[in-house]
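Take a look at the structure below.
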Amino acid sequence: MNIKNSVDLIESYLDLDRKPVGIKFFFDKDEFDKFEILQKDRKVTYCNSVQLASKGRSMKLTKENQACPNGAFALNMIDVPEPIANGKGRFSKNIYKSPEVSKSINDDMLFIKERPAGIVVMPLENYKEEPDVVIVVGKSFNIMRMLQGNAYFNGYTDNLRTVGLQAVCQDLTTYTYNTQDINISLFCPGTRLVADWQIDEIGIGIPFAKWNQVVEGVKETANPFERNKNKESIEKRLKERGLDVSEIKFNENYDDGSYSGGKIDND
Numbered sequence: 070m071n072i073k074n075s076v077d078l079i080e081s082y083l084d085l086d087r088k089p090v091g092i093k094f095f096f097d098k099d100e101f102d103k104f105e106i107l108q109k110d111r112k113v114t115y116c117n118s119v120q121l122a123s124k125g126r127s128m129k130l131t132k133e134n135q136a137c138p139n140g141a142f143a144l145n146m147i148d149v150p151e152p153i154a155n156g157k158g159r160f161s162k163n164i165y166k167s168p169e170v171s172k173s174i175n176d177d178m179l180f181i182k183e184r185p186a187g188i189v190v191m192p193l194e195n196y197k198e199e200p201d202v203v204i205v206v207g208k209s210f211n212i213m214r215m216l217q218g219n220a221y222f223n224g225y226t227d228n229l230r231t232v233g234l235q236a237v238c239q240d241l242t243t244y245t246y247n248t249q250d251i252n253i254s255l256f257c258p259g260t261r262l263v264a265d266w267q268i269d270e271i272g273i274g275i276p277f278a279k280w281n282q283v284v285e286g287v288k289e290t291a292n293p294f295e296r297n298k299n300k301e302s303i304e305k306r307l308k309e310r311g312l313d314v315s316e317i318k319f320n321e322n323y324d325d326g327s328y329s330g331g332k333i334d335n336d
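Going left to right, the sequence shown walks through residues 70 to 336 as the numbering used here numbers them.
Structure, rendered in structure tokens:
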């Protein structure tokens, strides 16, 4: 499926409040310069650029645009500062019990290895060529459904790693880029401050190579996993986009007949 069709499908089968965001790394300056969107004219944190793209903004970013040092070194725009690399920096802030624990956190993170000339951050639907990573931010139910979509083709998700730090830059972007596998993030206090995510939002990073599979998997698992109320909404969104609704089956779920008794309400 093409990129626009994939976005139409995921936005029909999931009730998303934000647009899926595509991230593309450029390692050739001429190619980056030729990419026809404007470069940001001031500094912005990387996670804020993702948040802006989830609401429709598009931008190109270079080293000069980086407002957050953590995002800058995750994206290899700058070198990792020695106090971060040796663990002493975050230990001094009382984030971790010891410099050794602090160092282990940094050692386990996966950052971009080659220095990029620039990065494009924009709504996935605007891409004509394939991005490297897709980020979707939303309510936990929607992230669960995307995990189920991935599982439809690929089985158990055993690569998930997160620690409540460098959430958008590392968890959802560089870790996903390096492993070429999906990852989720519960976010971190920094990105919740500067990017103003909602308190109940979490994120999922998906390598574009797996994006169409995830979308197709969400579609294929709608009947077993979605309840009738959600199926009504899915059917409505599909009709609004002129898409096929014939595969939506009501009164069908994976756990039909599985439970004995019933719900027990609080007295």
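Ideal Cβ placement from N, Cα and C applies to all residues, glycine included.
Keep in mind that this is a model prediction, so the values were computed, not measured.
Can you name the residues that DSSP bridges to residue i?
i, result
"P276", "V202"
"V314", "None, per the DSSP bridge assignment."
"K287", "The question names Lys, but residue 287 in the sequence shown is Val. According to DSSP, V287 bridges with nothing at all."
"I271", "G207"
"F94", "I188"
"V113", "Q135"
Out of the options, which one is the CA nearest neighbour of residue i?
i, options, result
"N175", "I188, T231, R111 and N117", "T231"
"I275", "N297, D250, L255 and P258", "D250"
"L241", "T260, N223 and G224", "T260"
"V203", "K103, V90, L83 and F222", "V90"
"L255", "T248, N247 and Q235", "Q235"
"I106", "L130, T114 and D86", "L130"
"R214", "I72, K288 and Y328", "K288"
"F95", "G187, Y225 and I153", "G187"
"A154", "K132, M178, M146 and N163", "M178"
"E270", "R87, N71, I79 and S81", "R87"
"D64", "P150, F294 and E151", "Any answer about residue 64 is impossible in this case: the structure gives the chain only from 70 up to 336."
"L262", "V237, F277 and T243", "V237"
Quick one: grab the DSSP three-state call for residue i.
i, result
"N211", "helix"
"V119", "helix"
"E321", "coil"
"N228", "coil"
"Q282", "helix"
"K129", "strand"
"Q108", "strand"
"L83", "coil"
"L78", "helix"
"F330", "This sequence places Gly at residue 330; Phe is not what is there. Residue state, collapsed to three classes: coil."
"L234", "coil"
"K124", "coil"
"K88", "coil"
"N292", "helix"
"N219", "helix"
Any Cβ of chain D within less than 9 Å of the Cβ of residue i?
i, result
"Y246", "Here chain D cannot be found, since the structure has a single protein chain."
In terms of residues, what are the limits of the beta strand (DSSP E) holding residue i?
i, result
"I253", "N252 to S254"
Where does the unbroken alpha helix (DSSP H) through residue i begin, and where does it stop?
i, result
"G259", "P258 to V263"
"T248", "Y244 to T248"
"K300", "N297 to E309"
Q: Taking only runs that begin and end inside the segment 131–198, name each unbroken alpha helix (DSSP H) of 4 or more residues, in chain order.
A: 138–143, 151–154, 157–161 and 168–177
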